[in-house]
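Read left to right, the sequence shown gives residues 1 to 144 (the UniProt record's numbering). Every residue gets a Cβ at the ideal spot worked out from N, C-alpha and C, and that includes glycine. Everything numeric in this text was worked out from a predicted model, so none of it was measured. Accompanying notes for the structure given below.
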Amino acid sequence: MSAFRLAGLMRFRKLQEDQAAADLASANASRRRAEARRAQATRELTIHEFQTDLGVAVFHASVASRAALRSFATETSVAVEVAATEVQQRELAWTDARKRSVPLEKLAERHIERENVEDLRVEQLALDEIAGRAPSSRIDGDDA
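Structural data, given as structure tokens:
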């Protein structure tokens with residue numbers, strides 16, 4: 001059986017694809033973390049209450065706190081958008097890596113199929129040769 005000549009390139013392409021898949025998984029994890037931070041910031045902003053009955057200083061502190069929460073919510077929304085963009089870029093990179101490795105995988109499969117057909121052909125030739133060497137009396141049905 002002959003070796004697939006592009007096996008080294010196929011392994012390299014597979015490594016590239018695996019790396020792109022790992023990068024995509026990392027980007028997805030980052031996006032999920034950013035979405036969790038955004039959800040937390042939104043919750044905190046939603047449950048924040050103004051303290052109006054304790055005086056002007058407390059009211060100003062409450063307004064400042066709300067402004068900080070709003071700023072944090074905005075920052076987390078931007079972080080989610082950045083993470084989503086990163087995911088899209090990583091998906092494109094993985095798709096590109098996959099497109100480069102699939103043709104080599106198909107060539108390898110065809111190579112294996114051709115090798116199997118050749119092995120069967122050689123085996124059949126050997127069987128035909130063995131059958132051709134058998135005594136003619138056994139072929140005719142005489143068991144003498």
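Asked	Found
CB of Arg-5 within 8 Å of CB of Leu-104, strictly	no
Cβ pair count under 8 Å reaching 3, the segment 91 to 98 against the segment 14 to 33	yes
Span separating the alpha-carbon of Glu-123 from that of Val-102	31 Å
Pairwise C-alpha distance: Arg-121 and Leu-9	29 Å
Residue of Arg-33, His-60, Ser-26 and Ala-67 minimising C-alpha distance to Leu-45	Ala-67
Buried or exposed by the 16-neighbour rule on C-beta atoms within 10 Å, applied to Thr-74	exposed
Sequence-distant residues of its chain with Cβ nearer than 7 Å to Ser-65 (five each side left out)	His-48
Check whether Arg-33 and Thr-76 have beta carbons under 8 Å apart	no
Counted within 10 angstroms of its Cβ, other Cβ atoms place Val-117 as buried (16 or more) or exposed	exposed
Distance between Ser-26 and Glu-91 (C-alpha atoms, nearest Å)	11 Å
Proximity below 8 Å, CB of Ala-83 to CB of Arg-31	yes
Three-way DSSP call (helix, strand, coil) for Asp-53 in this model	coil
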